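Using the numbering used here, you'd call the opening residue of the sequence shown number 178 and step up by one each time. Built from N, CA and C at the ideal position, the CB exists for glycine as well. All values reported here derive from a predicted model rather than from experimental measurement. Everything on this sheet refers to the single structure shown next.
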Amino acid sequence: MLNHSGSKILKTERLTLRPFRASDAEDMFRNWAGDSEVTKFLTWTPHKNVDETRALLTAWEEEAQRPDVYHWAIECGGMLVGDISVVEVNERAESACVGYCLSRKYWGRGIMTEAFRAVLSYLFGEVKFNRVYSSHSAENPASGKVMEKCGLLYEGTFRKEFRLLSTNELTDIIHRAVLREEWLEKFGG
Numbered sequence: 178m179l180n181h182s183g184s185k186i187l188k189t190e191r192l193t194l195r196p197f198r199a200s201d202a203e204d205m206f207r208n209w210a211g212d213s214e215v216t217k218f219l220t221w222t223p224h225k226n227v228d229e230t231r232a233l234l235t236a237w238e239e240e241a242q243r244p245d246v247y248h249w250a251i252e253c254g255g256m257l258v259g260d261i262s263v264v265e266v267n268e269r270a271e272s273a274c275v276g277y278c279l280s281r282k283y284w285g286r287g288i289m290t291e292a293f294r295a296v297l298s299y300l301f302g303e304v305k306f307n308r309v310y311s312s313h314s315a316e317n318p319a320s321g322k323v324m325e326k327c328g329l330l331y332e333g334t335f336r337k338e339f340r341l342l343s344t345n346e347l348t349d350i351i352h353r354a355v356l357r358e359e360w361l362e363k364f365g366g
C-alpha cells in the first residue's frame, strides 16, 4: 500500500526540489519551457509566451496540495533550472512513471541525475512505490544515461511508438525501470 505524501521539499548537495509556484513562470519560460531544443523529445511543444507558462503553473500550484501529486521544480544555486514529476501512477502495481526536463544551460552537469536520485529515494523510501519507470526517445541517449546512472534497467524498445511533435516523425521509445529492492541494494535508500 502506498503512503502518499505529496511533493515534499527535497534537498541534495546542490539542489532544492520544491513544488512549483505561479511566480516561477518567467524563469520556467525563459530557462526551458520556451526552448524548442529542450522540448524536442517531450510530449508537449514549447510555450508560446510567459502567460501560457503562468496559466499552467497556476494549475500546478493548486494540484500540489494533493497528497498523490509528485511534481517538483528543480533549483540549482537559487536558479530554477528544471522540472521532475511522477506523470503516471498505478496504485495496484505500486508503480510510478517519472518524467523530467532541464534547462539546456545545465545539460551535462549531473543535475538531472542528482534530482532523479533524490526523487527515487523519496518514492521508494517514504511513499513505498515498488517500481519506478521512465522512457526516452532512442534519439535522445543523454536521457537514457541519466536513467542508467539512477539504476533504471533496460526493459525494451517499442519501435515507432511516439510521434515527435518537433518533427512529426515516429521514433523508437526505450523503456527502463528499477524496483525498490534493486534501488536499495545499489544505493542503500
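- Proximity to Val309 across Glu316, Ala315, Asn317 and Glu332 peaks at Glu332, based on C-alpha coordinates.
- Annotation: the continuous beta strand (DSSP E) that includes Leu279 extends over Ser272 to Leu279.
- Glu265 is bridged by DSSP to Cys274.
- In the same chain as Glu214, and ignoring 5 residues on each side of it, the C-beta atoms closer than 6 Å to its own belong to Arg281, in chain order.
- Collapsing the DSSP output to three states places Leu361 in a helix.
- Counting only runs that start and end inside the segment 314 to 363, the alpha helix (DSSP H) elements of at least 4 residues fall at 318 to 326.
- Counting other Cβ atoms within 10 Å of its Cβ, Ala270 stays below 16 and is therefore classed as exposed.
- For Leu187, the three-state secondary structure derived from DSSP is strand.
- Contact between Leu341 and Phe218 is confirmed by a C-beta separation of about 7 Å, below the 8 Å threshold.
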